[in-house]
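Structure first, commentary second.
Number of protein chains: 2
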Amino acid sequence: MNDNINHDPVACSTHHRAIRDTMDILAGKWKIPIIGSLSFGKKRFMVLIASIDGIAAKMLSKELQELELNGLVKRTVLNTKPVTVEYELTEYGHSLRPIINEMAFWGKQHRERIMK
Amino acid sequence: MNDNINHDPVACSTHHRAIRDTMDILAGKWKIPIIGSLSFGKKRFMVLIASIDGIAAKMLSKELQELELNGLVKRTVLNTKPVTVEYELTEYGHSLRPIINEMAFWGKQHRERIMK
DNA sequence: GTAACTGGTTTACCAGAGGAAACCGGTTTC
DNA sequence: GAAACCGGTTTCCTCTGGTAAACCAGTTAC
Numbered sequence: 001m002n003d004n005i006n007h008d009p010v011a012c013s014t015h016h017r018a019i020r021d022t023m024d025i026l027a028g029k030w031k032i033p034i035i036g037s038l039s040f041g042k043k044r045f046m047v048l049i050a051s052i053d054g055i056a057a058k059m060l061s062k063e064l065q066e067l068e069l070n071g072l073v074k075r076t077v078l079n080t081k082p083v084t085v086e087y088e089l090t091e092y093g094h095s096l097r098p099i100i101n102e103m104a105f106w107g108k109q110h111r112e113r114i115m116k
Numbered sequence: 117m118n119d120n121i122n123h124d125p126v127a128c129s130t131h132h133r134a135i136r137d138t139m140d141i142l143a144g145k146w147k148i149p150i151i152g153s154l155s156f157g158k159k160r161f162m163v164l165i166a167s168i169d170g171i172a173a174k175m176l177s178k179e180l181q182e183l184e185l186n187g188l189v190k191r192t193v194l195n196t197k198p199v200t201v202e203y204e205l206t207e208y209g210h211s212l213r214p215i216i217n218e219m220a221f222w223g224k225q226h227r228e229r230i231m232k
């Protein structure tokens, strides 16, 4: 029998790169909680801080910037008395749903499996 | 209108924990390439090193230990002349397929979107 | 004028992820 | 006995992700 190292280098690296792209976008401690919180609707900065347990302001603003850069989140500055800023998930941001759902499903199953 | 911070704390934290579990298991630079390489069939240590571009022996052995701990990979020591060790994906390891596929799909789409 | 609230930025610090290279015990070949 | 191959482990180093806390500009209430 022959150990096959060959799995079409091109298609394979494209595949891995795509997976890595996705992982990078979702990486870090806070991306998922933020997306999760925003999936319930648009929220202001302070509301986000309150709704995401333990996050620091710097982290939130940094993560929101990255998410905005990647087109997953839309930032809107409102012309109010003290300036308020609203963040919301773009349609593109919502397209992550299937991935997040798959991960939630597998993770739940995994925890049950580990317990016994 | 009312900014709703309440999204059922219990169900929500369970959900996020499950997602985090999955992310943790897949985290790091090498888990996916290793799983990807093993998804083509069982491989020996040296073959894995050769098939995963850029990985160091230390990293590979550490990551394999974690994957084995989580029941995703099975390690078999063969009684050969110089001891050889075979690694293979367990059935449970294969259950990650849907997640990985979703991520590959989304990542590919995302890259195309970013390009234009 | 002073305080408080808005949405941040800046600085300084720390733990952990990952990389490079040496080392190791056992076995076969020369 | 020397060298090479196997599957690691150990040590040391660097670089990054994340934290805490101070600071900032603009606006309103007191």
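Each protein sequence line maps, in turn, to chains C and A. Counting from 1, position 19 in the first sequence corresponds to residue 19 in my numbering; the numbering is continuous, with no gaps. Every number in my numbering is 116 more than the matching position in the second sequence, counting from 1. Every residue gets a Cβ at the ideal spot worked out from N, C-alpha and C, and that includes glycine. Remember, predicted model here, so these are calculated numbers, not experimental data.
Quick test of your reading: A:E150 and A:E179, contact by CB under 8 Å. State the CB separation rounded to the nearest angstrom.
According to the sequence displayed, residue 150 of chain A carries Ile and not Glu. Yes, they are in contact, since the Cβ atoms of A:I150 and A:E179 sit about 6 Å apart, within 8 Å.
Whole angstroms is fine: what's the gap from C:I55's alpha carbon to A:N195's?
52 Å
What are the boundary residues of the alpha helix (DSSP H) that C:L64 is part of?
57-69
Just confirm the distance between the C-beta atoms of A:E202 and A:T192, as a whole number of angstroms; I'd bet it's less than 8 Å.
5 Å
Am I right that A:I215 and A:T138 are in contact with their C-beta atoms under 8 Å? What's the rounded C-beta distance?
7 Å
Strictly under 8 Å for the Cβ-Cβ distance: is C:A18 near chain A by that measure?
yes
CA nearest to the CA of C:R127, picked from C:S37, C:R20, C:R17, C:H16
Look at the range of chain C in this structure, 1 to 116, and you will see that residue 127 of chain C is not part of it.
So C:H16 packs on A:I148, CB below 8 Å; how close in whole Å?
7 Å
Cβ separation of A:L205 and A:V189, assumed to be a contact under 8 Å, to the nearest whole Å:
6 Å
Quick check: what's the CA-CA separation for A:A134 versus C:A104?
5 Å
Does A:G157 pass the burial test, meaning 16 or more other C-beta atoms within 10 Å, or should it be called exposed?
exposed
Close beta carbons around A:K159, own chain, < 8 Å, minus the five adjacent residues each side
S153, S167, E202, Y203, E204
Would you say A:N218 faces chain C, with C-beta separation under 8 Å as the test?
Note that residue 218 of chain A is Glu in the sequence shown, not Asn. Yes, because at least one Cβ of chain C sits closer than 8 Å to the Cβ of A:E218.
If we ignore side chains and look at the alpha-carbon of each, how far apart do C:I110 and A:Y208 end up?
Looking at the sequence shown, residue 110 of chain C is not Ile but His. Roughly 9 Å between the two C-alpha positions.
So that I know if they touch, is there some Cβ in chain A lying closer than 8 Å to that of C:W106?
yes
Is the distance from the Cβ of C:E112 to the Cβ of A:E218 below 8 Å?
no
Whose Cβ in chain A lies nearer than 8 Å to the Cβ of C:R111?
R133, A134, D137
Test: A:P214 CB closer than 8 Å to a CB of chain C
yes
Rounded to whole angstroms, what is the Cα-Cα separation between A:C128 and C:V10?
40 Å
At the level of alpha carbons, what is the spacing between C:A27 and A:K197?
43 Å
Are any of the Cβ atoms in chain C nearer than 8 Å to that of A:D119?
Unreliable positioning characterises A:D119 in this predicted model, as indicated by a pLDDT of 38, which lies under 50. The coordinate reading is nonetheless provided below. So yes, A:D119 belongs to the interface.
Considering only residues of the segment 123-169 of chain A, which uninterrupted alpha helix (DSSP H) runs meet the minimum length of 4 residues and lie entirely inside it, listed in chain order?
125-142, 147-154, 161-167
Chain-order list of residues whose beta-carbon lies under 7 Å from that of C:V83 (same chain, five-residue window excluded):
V77
When the Cα atoms are used, what is the spatial distance from C:D53 to C:M46?
12 Å
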